[in-house]
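Protein chains: 2
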Amino acid sequence: MTAQRRVQILEVSPRDGLQAEERTLSTEAKLELIARLADAGHTAIEATSFVSPSAVPQLADAAELLGRLERKPGVRYPVLVPNERGLERAIAAGANDVAVFVSASESYSKKNLNRGRAEALEGALAVVGRATSAGLRVRGITSMVVADPWDGPTDPKTVVDVGLRFLDAGCDDLSLGDTVGYGTPADVRRLLEAHAAAGIGMERIGLHLHDTYGQGLAGVLAGIEMGIANVDASIGGIGGSPFAKHASGNLATEDVVWMLDGMGIATGLDVRKLAATTKWMAGQLGRELPGRAARALNG
Amino acid sequence: MTAQRRVQILEVSPRDGLQAEERTLSTEAKLELIARLADAGHTAIEATSFVSPSAVPQLADAAELLGRLERKPGVRYPVLVPNERGLERAIAAGANDVAVFVSASESYSKKNLNRGRAEALEGALAVVGRATSAGLRVRGITSMVVADPWDGPTDPKTVVDVGLRFLDAGCDDLSLGDTVGYGTPADVRRLLEAHAAAGIGMERIGLHLHDTYGQGLAGVLAGIEMGIANVDASIGGIGGSPFAKHASGNLATEDVVWMLDGMGIATGLDVRKLAATTKWMAGQLGRELPGRAARALNG
């Protein structure tokens, strides 16, 4: 008997989800969200972001939240850091697990990071270096890996080059973000094949797909068929980038878990507990959430 | 150079879509919908249903609609017929292409057809016999092929047995309906493998998946990987069964076409024209429609 296949889901709702919401949750509500997610079985929860509070006021309480967070044993709580200053703030607040991000495309880099792609990458690599020196776990996130709404299709080679630099600098793993959700399973395959050809193992790659065009879950299926074991998702499908107009809707965690449950792939997650948390979250945010399985389970 | 792979999409919005809507469209609006669909490249459009007008008042104008329909050359306009009386009405109205349906599960058969599964199948086979004798093209639809909300999982063997009976009776092809959208890619594979093992070729099978749990497109991907070349979809994701509470949301045509376009698989459809029709349809129905790609394209 072979061991059951396992996929690790990184729950991004507390950060990538909440950063794009009109309504800002209280620190208490965020802590409750994170506790509920851990209770549903999550072992990797992107807790918050140390970006500038003026850019993302929804997450201005990052330091307070991290300070008050009751860490459940066996659960990782990565936080996003945009630059060295953000890294310092994160470390001061007790972070031991961070994510650094760049854009694979020029236009989004300028809009989101106020710097061109090459310059932003050098800055990010410096942050990776400092974080790994400080003993932190580091993930390297690349966004717009399939296309950019202004620049058009992204060359997979560009994404691979960024990934190699991230790994060389000491990143533990990579996240490939199709920020605008243009990608189909063919794009996912092409991208992963390019990484494999460059010697980057599938076990070091996480897929971060959006459901803007309804393609998220099909892309995850394609990735899993190629050996991917790390997937980003957000309960109820909340979130997206406040800087990319077309980036509505992360892939809903419950939709992913429903699929993986049905395929006999273990996630350690309880889809009904997740759906209950989505229902609670919809109440907190004052809007209906787009994820399908949660609606069906709560309906 | 090999020929480009092709997938035929059967557009079900005029029938399966509209039958579940609160608002009943005028015959004119339905004819405009069908004309728009053909203009976007559809070559198979489920036009209406000859079920009892008291059961589905939204489609009470079936005979008038079919009589007034301007048939575009190269386009099929199948209609649903529930029984011999419906078949007679359809033939009298000019139908030359019909679909006959049964449920693979007992409870849904009783709720939807007021008859047990076995009895309903015998009735359906008699309709298939009369329709083929009259020279009509006939599709055999089986619903609840993955699970039934009251009975639980459906045995793939049951679905295959129904399919074999349908084909023996003269059906040209089969439609496998996961009416409640429970199915994951693993279910699709299991079901198709069971059909292949029974000697039913993939070219005779159409997949009719629902997006209730967000699984529709991933299931289509799994089916296409196994050789399926016929997929049912509904613009904007409108529709579902008015008799099955949990059956919200057909798979949106634009989401399927976006995926197939990206995978280099031909459908003959113009996704932007489809999205424009979805926008118009949302206005006609007075509600926002759930399909993702149309929202993104219209947004």
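Protein chains in written order, with the numbering used here: chain A, 33 to 331; chain B, 33 to 331.
In this text, a Cβ means the ideal position worked out from N, Cα and C, and glycines have one as well.
A quick note: this is a predicted structure, and the numbers were derived from the prediction, not measured.
For residue j and residue i, believed in contact at Cβ under 8 Å, the rounded distance
| i | j | result |
| --- | --- | --- |
| A/D264 | A/S207 | 6 Å |
| B/L119 | B/V159 | 5 Å |
| B/T244 | A/A328 | 5 Å |
| B/G134 | B/V170 | It should be pointed out that residue 134 of chain B corresponds to Val in this sequence rather than to Gly. At roughly 13 Å, the Cβ-Cβ gap does not stay under 8 Å, so B/V134 and B/V170 are not in contact. |
| A/T75 | A/L97 | Between A/L97 and A/T75 the Cβ distance is about 19 Å, and since that is not below 8 Å, they are no contact. |
| B/T186 | B/S137 | 6 Å |
Rounded C-alpha distance that separates residue i from residue j
| i | j | result |
| --- | --- | --- |
| A/A150 | A/L91 | 27 Å |
| A/G269 | A/W312 | 14 Å |
| A/G238 | A/V289 | 16 Å |
| A/R222 | B/M291 | 14 Å |
| A/L321 | B/G246 | 13 Å |
| B/D129 | B/L168 | 5 Å |
| B/L301 | B/T164 | 30 Å |
| A/I386 | B/K143 | Nothing can be reported for residue 386 of chain A, as the shown portion of chain A is limited to 33 through 331. |
| B/A325 | A/A166 | 44 Å |
| B/V192 | B/G172 | 12 Å |
| B/A261 | B/T299 | 10 Å |
| A/G233 | A/E78 | 23 Å |
| B/K189 | A/Y140 | 51 Å |
| B/A254 | B/H242 | 14 Å |
| B/E257 | A/M295 | 16 Å |
| B/P181 | B/V212 | 7 Å |
| B/V44 | B/L249 | 16 Å |
| A/N115 | A/L145 | 10 Å |
| A/L69 | B/Y214 | 24 Å |
| B/D210 | B/H240 | 6 Å |
| A/A279 | B/R55 | Annotation note: pLDDT 45 at A/A279 (below 50); position unreliable, no value reported. |
| B/D287 | B/D93 | 30 Å |
| B/G323 | B/T285 | 8 Å |
| B/G184 | A/P85 | 50 Å |
| A/S113 | A/T310 | The sequence as given places Val at residue 113 of chain A; Ser does not occur at that position. Rounded to the nearest angstrom, the two C-alpha atoms are 26 Å apart. |
Proximal residues of chain B, C-beta to C-beta of residue i below 7 Å
| i | result |
| --- | --- |
| A/Y245 | D287, W290, R324, A325, A328 |
| A/A226 | Within chain B, no residue comes near A/A226; the closest Cβ sits about 16 Å away, beyond 7 Å. |
Where the beta strand (DSSP E) through residue i begins and ends
| i | result |
| --- | --- |
| A/N262 | 262–265 |
| A/D205 | 205–210 |
| B/R171 | 169–175 |
| A/V113 | 111–113 |
Helix, strand or coil at residue i [DSSP, three-state]
| i | result |
| --- | --- |
| A/L42 | strand |
| B/E83 | Here residue 83 of chain B turns out to be Val, not Glu, going by the sequence shown. Three-state result, B/V83: coil. |
| B/V132 | strand |
| B/N282 | strand |
| A/P188 | helix |
| B/I237 | strand |
| B/A298 | strand |
| B/R37 | coil |
| A/R197 | helix |
| B/D293 | helix |
| A/A254 | helix |
| B/D183 | coil |
| A/I14 | There is simply no residue 14 of chain A to check, as chain A begins at 33 and stops at 331 in what is shown. |
| B/V108 | It should be noted that the sequence gives Arg, not Val, for residue 108 of chain B. It is a strand residue. |
| B/A76 | strand |
Neighbouring residues, chain B, relative to residue i (Cβ below 8 Å)
| i | result |
| --- | --- |
| A/P217 | L253, M291, G294, M295 |
Neighbouring residues, chain B, relative to residue i (Cβ below 9 Å)
| i | result |
| --- | --- |
| A/A87 | Neighbours of A/A87 on chain B: none; closest Cβ ~23 Å, over 9 Å. |
| A/A284 | G246 |
Unbroken alpha helix (DSSP H) run spanning residue i, endpoints
| i | result |
| --- | --- |
| A/V160 | 149–165 |
| A/H227 | 217–229 |
| B/D71 | 59–71 |
| B/R327 | 324–330 |
| A/N144 | 138–145 |
| A/L91 | Neither: A/L91 is in no alpha helix (DSSP H) and is coded neither H nor E. |
| A/L50 | It is not in any alpha helix (DSSP H) - A/L50 carries neither H nor E in the DSSP assignment. |
| A/L306 | 303–317 |
Partner residues on chain A for residue i, Cβ-Cβ distance less than 8 Å
| i | result |
| --- | --- |
| B/A250 | L249, A250, V252, L253, M291 |
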